[in-house]
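Novice: Position 519 of the first sequence, counting from 1, maps to 519 under the UniProt record's numbering, and the rest follow consecutively.
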Amino acid sequence: MSEPTPNENQQRLIESIDGIYRVDAGAGTGKTFAITRRYAHILDTTDATPEDILLVTFTRNAAREMRERIVQHTDYDLRELQGAPISTFHAYCFRLLCRYGHTVPETLGIDDQIPDSIDLIEEPVRERQLFQRFMSTFADDHPEHADMLRIFRDPATLHTLIGELAAKGVIPTRDGWFRSSDEPLHGDREAFFETVADANAPGEGASGPTNSDARGAVSGWDASEYAPDAPSKREVHDDPRVDRGVIERAYDEDRTALLAFVHDVYHEYIACSLRNDYLTQGLMLALAFVMLCDRPQVRDQVAHEYVMVDEFQDTNELQFKIAVLLASTNNICVVGDWKQSIYGFQHTSVENIIAFDDRLGRFTRELNADRTRIDYPVESITTIPLYENYRSAASILEFAEQSLSIPATYSEDVDDPLAGERSLAATNHVDNAQIDAYHASNEHELLLDRIQLVVDSDDYAVEVTDEPQPDPGATAAQQAAAERERLGAPTYGDIAVFTRTRAFAREFLAVADEYGVPVAYDGGVELFDTPEAKLALAWLRIAESNARRGWALVLERAGYASDRTETIVDAEAYPDAMGRFREELAAIDTLGGFLRRVFDRYGHTSATADALVDHLTSLHETSTLTRGEAIQYIEANLAAGTTVEIETSPGDDAVTLQTIHGAKGLEYPIVMLGNLNDRAFPQYGQPPACPITYDDELGLRQTRVYSEAGTHPHVYPHWPTKLLQSIQPPTYDEERRLLYVAMTRAKRHLLFTAGDDPSRFMDGLSIDATTVEPAPEHGTVDRAAATPFETTIPDSSTVPRRLSVHDIMDDSVYDERDGGRGTDFGTAVHDFAEAYALDEPVEPSNDDERAVATLIDDLDGELISEEPALLPLPGEPQLTLAGVIDLVHVTDDAVEIIDYKTDPDRLAHDEYRTQLSVYYHVLASVYPDRPIQATVFYTQTATPITVDPVSLDAIDRLSRGRHE
DNA sequence: GTAGTCTGGATTTTT
DNA sequence: TCCAGACTAC
């Protein structure tokens, strides 16, 4: 498509390059287009080169897109822009710090320098582990902080607080705080008491004044929960208010010990990480800020004539200040939309854009307090609103506006936040929007039902083609006619389902799989917090050490009651089938084979199971994890809540499923917003985290306290913090903004769904929800088809007897068969073979592996590696044989089974014949139309030997004979 | 009508 | 850690 012509305000933004601009760029208003054109305009009309223009974004993807679009608008090519500062905040600052900041730690009283080789930690798991290690040495080194340390259940939670303080620009030096940056730690007393004045104002009841909200929040005040110095209920209650004197006493409590503790932990953590040559992202930005403040010569060298910051609603205070310091003149342009600020939990500050003018003045004054750093004028700020929306139908834009004022609780009062703000204006000419809300007792099925209703329906028409485009200068009526011609019935790919929580998305995906509806999840999953991962962990523990925790979970999953489970675990009297399964698992060499066997037995064919196997088997390129290492790895990631991106693509035409956060910046013809359930969206409260918290009004506070004042030394909840927090009215602005973001992704149609218990947001919509009895049809997508060798999946508690193929082989023969090369050698060859067959970048490291590589190179059909195979036997009682096939080669007219053996001789060949016969019969039932060939491939001599399979009955006899 | 008390259940994740 | 909702008490 050709580049559109900028609208009036876009043009104004493009041409306004001198001075300070705040651009309110609403959803779908062509922000990236305008910014990149502005960049080009600066190059075209001034002497500036790309080096002079700093353009910071938030994600690597956004930075890349900016670069590419700038290339389209200018004479520069991608290569010439390679070194240009078009970058994420983090990447840009890291580069500066590495180049100019070696000695910056001196400013904070730290002797270690920043080496070129410093390691920037990105994985939260590692960050947490390193912090944990630091805290244990800190505790040993600081007996004076012992009482503070007692309030922690897990001192590692402190690292979140340190990240938050860094984001605020609070930075410790050896003896104090950098440039009085500790001010926020003391809180904003005035603002707090203003808030309290509101919250503590009595209500007006039918029969006189009623208790204030604050008084209501402390109605159950019980002094006995707290340390002995806590005020009594009588002292707190001053009906119909909370006693003002008690609030002041709480606010003004002595926080010396708390501040000293946080200072010491924070400062020593910076020192410790530098000593060990690593930095976290947050500390890195803090040091970059220190450098820009403290080294005028560095700033002179790096500051830019033009500074542009995209997604400004997602910046924190520290980044705001860094941006100001990186500007050499007042040619500053920030672009964002406060209504789309949804990353508060990442310590971003929506006030940066809402109160931009105030903050710019205040931050400049702070930065200039001791000497002039900002020498350009900051008083004159121009606001440019972009309000022409190129995405959504008019009725969707109008509908979405209400989201910002729907109360999240019964008692919440929301002012109209859009007062005085210009509404977005649709540029679409045809508004065929369907906006509907539904609820049903089974929301997952409801969503599937609605998806099937929408797909192929002309009532939900969307753009299906770019043609025809009317001539430029066509009348509105002509444009509308052309637009109407571009509309047609939607397909699955036109639909996106958004959810508030990942858990809901995961559940919905499973149901969609069941029904065969094509749904592709896009985003991260807490891979280690899934039922699959917990099951794998349990069996790993059992196989490794017969661990009680493992058995407890396995038995529970098999349906045993918890008291029964305990008895079984105590007596170690595990059910026979489980005991045998343990032995079978213990005999599996590869972690991949182990996990697949577990999932196979339980019938887990989900994308989650696949992702888990892939993730755990591809962690290290050179070596694979042992079972013990796998256990540790899963445990660490479970504790850290690690997420892993998973791929689920059931084809080209599929519904996109993602969390609202994941959908930011994207657009879809049809949006279904699910999960509008009580306590899910909006979300209330927080899980218990760090016992030291920060809040702009309260400053630094501790929620627990160690006291020896009572009869026994004890850790109590800390009454002053408890009181202050409970009288602070909670705010749900960010939840409303999430709702807004979700709605404004929709181009044509918008549907809402909820389960039995709709949330306040669902109730608050200006349309009523229709009750539906969902009846989704079964579709044709069969994700299980990806695992073709699966037979029926027995419930684990009633599982028929199951044997491993190895159980029916005479192991006395091959026990001595490793020829001195060790079982590890065999495992390594198998791992190589699997990776090589999957086209992973592995190189053969010995002759055996080279033989395997040559063999695989010669195969031209489909390759399936490490595939579990199950063979139900004909006799009674029911018995199933299980194994894992090394490689299956499928062509249109034949199927070949290949099993690698690293044996130096053929002594065990008869046993292998039995093993491959089992696989033969499995595949014969899967591919009845094709001849099956079973081959043992002896890797040492590169010799394939085709086996003559034994009959099913013979296998049956053998199995019963060997095992009765 | 108004207040108090008790129970059950719950996250999002760019760098 | 918070909320909603059911319940009781006055």
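Built from N, CA and C at the ideal position, the CB exists for glycine as well.
Only a predicted model underlies this, so the values are computations on that prediction, with no experimental measurement involved.
#1: Between which two residues does the alpha helix (DSSP H) harbouring Gly-245 extend?
#2: Please return the same chain residues whose Cβ sits closer than 7 Å to the Cβ of Ala-84, not counting the five positions on each side in sequence.
#3: Go through the stretch 661-693 residue by residue and report every complete run of the beta strand (DSSP E) that reaches 3 residues or more, in order.
#4: Strictly by DSSP, which residues pair up with residue 968?
#5: Compute the distance between the beta-carbons of Val-936 and Pro-944, then report whether it is under 9 Å.
#6: CA-CA distance, Pro-115 and Arg-95?
#7: When we look at the beta-carbon of Glu-645 and count the other beta-carbons within 10 Å, is it buried (16 or more) or exposed?
#8: Does the Cβ-Cβ distance between Leu-367 and Arg-359 come in under 9 Å?
#9: Where does the unbroken alpha helix (DSSP H) through Arg-38 begin, and where does it stop?
#10: Asp-431 and Ala-400: beta carbons closer than 9 Å?
#11: Check each candidate in Arg-564, Ala-543 and Glu-583 and name the one with the smallest Cα separation from Glu-629.
#12: What is the rounded straight-line gap between the Cα of Ala-663 and the Cα of Ala-742?
#13: Check each candidate in Ser-441, His-615 and Thr-465 and name the one with the smallest Cα separation from Leu-527.
#14: What does DSSP give as the partner residue(s) for Ser-804 in the beta ladder?
#15: Might you give, ordered along the chain, the residues of its own chain that have their beta carbon closer than 6 Å to the beta carbon of Asp-213, omitting 5 neighbours on each side?
#16: Give me the Cα-Cα distance between Pro-105 and Asp-264, rounded to the nearest whole angstrom.
#17: Which partner residues does Tyr-390 have in the DSSP bridge list?
#18: Counting Cβ pairs closer than 8 Å, one from the stretch 130-137 and one from the stretch 282-293, do we hit at least three?
#19: Provide the residue span of the alpha helix (DSSP H) that contains Lys-534, from first to last.
#20: So, helix, strand or coil for Ala-355, using DSSP?
#21: Any chance you could list the beta strand (DSSP E) runs of at least 3 consecutive residues sitting entirely within the UniProt region "Disordered" (199-238), in chain order?
#22: Please state whether DSSP places Ala-25 in a helix, a strand or coil.
#23: Going along the chain, which residues of its own chain have a beta-carbon closer than 7 Å to the beta-carbon of Tyr-251, five neighbours each way excluded?
#24: Jot down the residue ranges of each uninterrupted beta strand (DSSP E) in the stretch 64-102, minimum 3 residues, whole runs only, in chain order.
#25: Short check: CB of Thr-642 to CB of Pro-155, under 9 Å?
#26: Alpha carbon to alpha carbon, how far is Leu-673 from Glu-463?
#27: Between the C-alpha atoms of Asp-77 and Ile-332, what's the straight-line distance to the nearest angstrom?
#28: Which term fits Glu-621, buried or exposed, when burial requires 16 or more other beta carbons within 10 angstroms of its beta carbon?
#29: By how many angstroms is the C-alpha of Thr-939 removed from the C-alpha of Thr-854?
#30: Measuring CA to CA, which of Ile-42, Thr-32, Cys-98 and Cys-93 is closest to Arg-67?
#31: What first and last residue would you give for the alpha helix (DSSP H) that runs through Ser-917?
#32: Quick check on the burial criterion: 16 or more other C-beta atoms within 10 angstroms. Buried or exposed for Phe-312?
#33: Measure the alpha-carbon distance for Glu-144 versus Ser-405 and round it to whole angstroms.
#34: Quick one: Cα of Gln-632 to Cα of Val-598, how far?
#35: Helix, strand or coil: how does DSSP classify Ala-934 here?
#36: Assign Ile-53 to one of three DSSP states: helix, strand, or coil.
Specialist: For this structure:
#1: 244-251
#2: Pro-50 and Glu-51
#3: 668-673
#4: Here the chain has residues from 1 to 964 only, and residue 968 is not among them.
#5: yes
#6: 12 Å
#7: exposed
#8: no
#9: 31-45
#10: no
#11: Ala-543
#12: 7 Å
#13: His-615
#14: Ala-882
#15: Ala-199
#16: 16 Å
#17: Note: Tyr-390 sits in no beta bridge, so no partner.
#18: no
#19: 531-545
#20: coil
#21: 203-205 and 208-210
#22: strand
#23: Arg-189, Phe-192 and Leu-724
#24: 86-88
#25: no
#26: 20 Å
#27: 25 Å
#28: Only weak support exists for where Glu-621 lies, its pLDDT of 44 falling under 50; the value from the coordinates is given anyway. Burial call: exposed.
#29: 11 Å
#30: Thr-32
#31: 909-926
#32: buried
#33: 49 Å
#34: 18 Å
#35: strand
#36: strand
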